[in-house]
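Okay, so the sequence shown: first residue is 6 according to this note's numbering, each after it adds one.
What follows is a short report on a single structure.
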Amino acid sequence: MEHNLILQPLFALIMLTAIVWIFMYVRRLAFILNNRIDPQRIATPEQLNSVLPAEINNSSNNLKNLFELPTLFYILCLILFATQHVDMIFLYSAWAYVGLRAIHSLIHCTTNVVNLRFAAYFLSSLVLWFITVRLAVSVL
Numbered sequence: 006m007e008h009n010l011i012l013q014p015l016f017a018l019i020m021l022t023a024i025v026w027i028f029m030y031v032r033r034l035a036f037i038l039n040n041r042i043d044p045q046r047i048a049t050p051e052q053l054n055s056v057l058p059a060e061i062n063n064s065s066n067n068l069k070n071l072f073e074l075p076t077l078f079y080i081l082c083l084i085l086f087a088t089q090h091v092d093m094i095f096l097y098s099a100w101a102y103v104g105l106r107a108i109h110s111l112i113h114c115t116t117n118v119v120n121l122r123f124a125a126y127f128l129s130s131l132v133l134w135f136i137t138v139r140l141a142v143s144v145l
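Rendered as structure tokens:
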């Protein structure tokens with residue numbers, strides 16, 4: 006199997022992060038400009054959060070989420086690539102993780118139905134821990 010295939014889901018998650026970042030700024034700036042909010046009034050994260058409604062802040066919260074557990078995913082993908090342990094199970098698991106994180110982001114940035122969002126988060130976490138344990142067993 007080509008070991009570089011594991012880099013595809015890694016870059017897909019990076020692209021998801023970029024999309025959420027763009028979405029966050031488009032929504033924030035539109036709200037700030039449409040409501041003529043003085044930038045000095047939202048100079049700190051606390052001030053920004055107190056002024057922006059939750060539906061505008063959800064994408065910011067999701068962006069923060071994308072810098073939590075997904076950082077482990079990046080490390081795991083790089084370890085898989087470097088050690089040449091990539092197989093179909095790791096590859097499909099990596100894509101499942103990215104797909105579930107994309108579903109989580111879509112829910113968080115739009116409807117924010119907490120039960121659905123949590124289900125996507127929980128399932129993605131299970132996939133991540135599966136990759137972690139399986140990789141640890143295979144390299145140690």
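For every residue, glycine included, the Cβ atom is placed at its ideal position computed from N, Cα and C.
Keep in mind the model is a prediction, meaning the values are calculated, not measured.
Host alpha helix (DSSP H) of residue i (start-end)
| i | result |
| --- | --- |
| residue 90 | Neither: residue 90 is in no alpha helix (DSSP H) and is coded neither H nor E. |
| residue 33 | 12–39 |
| residue 60 | 59–70 |
| residue 136 | 119–144 |
| residue 52 | 50–56 |
Close Cβ partners of residue i (< 8 Å) along its chain, the five nearest in sequence each way excluded
| i | result |
| --- | --- |
| residue 93 | 6 |
| residue 47 | 37, 53, 56, 57 |
| residue 28 | 64, 114 |
| residue 135 | 98 |
| residue 132 | 98, 101, 102, 105 |
Closest residue to residue i among the options (Cα-Cα distance)
| i | options | result |
| --- | --- | --- |
| residue 24 | 114, 87, 95, 41 | 114 |
| residue 99 | 118, 75, 117, 116 | 75 |
| residue 32 | 135, 127, 60 | 60 |
| residue 130 | 142, 68, 73 | 73 |
| residue 69 | 22, 45, 44, 49 | 22 |
Residues of its chain near residue i, where Cβ-Cβ distance is below 7 Å and the 5 sequence neighbours each way are ignored
| i | result |
| --- | --- |
| residue 10 | 91, 96 |
| residue 19 | none |
| residue 79 | 15 |
| residue 144 | 88, 90 |
| residue 42 | 56 |
| residue 128 | 105 |
| residue 26 | 68 |
Assumed close pair residue i, residue j - CB separation to whole angstroms, cut-off 8 Å
| i | j | result |
| --- | --- | --- |
| residue 34 | residue 81 | That pair is no contact at about 35 Å. |
| residue 77 | residue 137 | 7 Å |
Neighbourhood of residue i by C-beta, 6 Å cutoff - its chain only, sequence neighbours within 5 removed
| i | result |
| --- | --- |
| residue 39 | none |
| residue 117 | 63 |
Residue i beta carbon near the ligand ATP (any heavy atom closer than 7 Å)
| i | result |
| --- | --- |
| residue 44 | In the structure shown, the ligand ATP is absent, as is every other ligand, since no ligand is present at all. |
- Are there three or more Cβ pairs, one per stretch, closer than 8 Å when the segment 103–120 is compared with the segment 63–71? yes
Discussion item. Can you confirm whether the segment 96–108 touches the segment 116–135 when touching is taken to mean that 3 or more C-beta pairs between the two stretches lie within less than 8 Å?
Written reply: yes
Checklist line | Three or more C-beta pairs below 8 Å linking the segment 8–16 and the segment 97–106 | finding: yes
Check whether the segment 38–58 and the segment 83–100 touch, using three or more Cβ-Cβ pairs below 8 Å as the test. no
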